[in-house]
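Taking it in order: structure first as structure tokens, then the write-up.
Residue numbers (the working numbering): 1415 to 1747.
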């Protein structure tokens, strides 16, 4: 018997995952925008977020949250971190007991500093919580280009069952029991991608980008392990893999924000012209708080925060990094 999937969220990655799961399982996608729902049902497209891309013909969409989740065997949360809790609370009355809930969000909740699976555990106790993550750029996957992701669940049996729901064609899905590490890798790399983008926007070269990515990986590994993640996770798809893709791809929203900041544009102007969320903008403040809480040095993240939230410039940020003390590569900083 095929598992029935409810995908909540009508953005680029949520729609892409819904199109993937529709190949394997009956999938009903929920979106607030009635025009998006009609476009998916009638034309198998989501032009707002995935212009020119064709979606699987079996995918269906609805504006009714109750209709989307009431018969689902799996709930997939494809909404940004800032609306994650609200949407889940709205859906809660209609979700059947013990149904697994999988997050696609690569962010942390402001104020509480919680991961999305922690929110799931709080709002929906008793429901297995997991995350689908990795170097997964939506448009490339919809075009059929080879990619790999990770489904992280504490329960390996559930992870293996969901592995068959998500994997499709050239999209390979691996399992991992390290939910904390996989989730943090996806959230923290967005901040480093802004830093890499700032270098690109300011005219720095490949050497600079390589140094930012490498030292950035060191930062997210230090904080991730301090928070309970496994070190090996950060060398895998959910860590290094996702970090590289987000820092170098022209499709990366967080890199784009960094590029525009590097060119001297204001954050307000950049965000106003974007239809999709760059999670790193909101996440960097939370990461700075977590670094302080866990006593972890994160100089790149600190400089990104200064630019995004304190009125600093990209040149100030790189100047600040260069002024830092130099020790062993194994040292923090």
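A virtual CB, placed ideally from N, CA and C, is assigned to each residue, including glycine.
So, is residue 1682 buried or exposed, given that buried needs 16 or more other C-beta atoms within 10 angstroms? Translated into positions along the chain shown, residue 1682 becomes position 268. With fewer than 16 other Cβ atoms within 10 Å, it is exposed.
So, with DSSP's three-state summary, where would you put residue 1509? To locate residue 1509, count along the chain shown from 1; it is residue 95. It is coil, neither helix nor strand.
At what residues does the alpha helix (DSSP H) containing residue 1669 begin and finish? Against the chain shown, residue 1669 aligns to sequence position 255. Start and end: 1667-1676.
Segment contact, 8 Å Cβ cut-off, at least three pairs: the region 1482-1502 with the region 1522-1537: Short answer: they touch.
Do the region 1579-1592 and the region 1604-1621 touch if we need at least three Cβ pairs shorter than 8 Å? Remark: fewer than three beta-carbon pairs, one from each stretch, lie closer than 8 Å, so the region 1579-1592 and the region 1604-1621 are not flagged as touching.
Have a look at residue 1444 and residue 1666 and give me their C-alpha separation to the nearest angstrom. Numbered from its first residue, the chain shown carries residue 1444 at position 30. Numbered from its first residue, the chain shown carries residue 1666 at position 252. Going from the Cα of residue 1444 to the Cα of residue 1666 covers about 24 Å.
With DSSP run on the structure shown, which of helix, strand or coil describes residue 1519? If you number the chain shown from 1, residue 1519 lands on position 105. In this structure, residue 1519 counts as coil in the three-state DSSP scheme.
Which residues does DSSP list as the beta-bridge partners of residue 1421? Within the chain shown, the letter at position 7 stands for residue 1421. In the DSSP assignment, the residues bridged to residue 1421 are 1443 and 1490.
The beta strand (DSSP E) with residue 1642 in it runs from where to where? Walking along the chain shown from the start, residue 1642 turns up at place 228. Judged by DSSP secondary structure, residue 1642 falls outside any beta strand (DSSP E); it is assigned neither H nor E.
From what residue to what residue does the beta strand (DSSP E) around residue 1590 run? The residue given as residue 1590 occupies position 176 in the chain shown. Its beta strand (DSSP E) spans residues 1585-1590.
With DSSP as the reference, identify every bridge partner of residue 1564, one or two as the case may be. Locating residue 1564 in the chain shown gives position 150, counting from the first residue. According to DSSP, which records beta bridges pairwise, residue 1564 is partnered with 1547 and 1588.
Nearest-angstrom Cα separation, counted from residue 1580 out to residue 1427: As a working note, residue 1427 is residue 13 in the chain shown. As a working note, residue 1580 is residue 166 in the chain shown. Whole-angstrom Cα-Cα distance: 13 Å.
With burial defined as no fewer than 16 other Cβ atoms inside 10 Å of the residue's Cβ, what is the status of residue 1463: buried or exposed? Here the question's residue 1463 lines up with position 49 in the chain shown. That one is buried.
Alpha carbon to alpha carbon, what distance is there between residue 1647 and residue 1431? As a position in the chain shown, residue 1431 is number 17, starting the count at 1. As a position in the chain shown, residue 1647 is number 233, starting the count at 1. Computed Cα separation, rounded: 22 Å.
Alpha carbon to alpha carbon, how far is residue 1625 from residue 1729? Give it in angstroms, no decimals. One-based indexing of the chain shown puts residue 1729 at position 315. One-based indexing of the chain shown puts residue 1625 at position 211. For residue 1729 and residue 1625, the distance between alpha carbons rounds to 16 Å.
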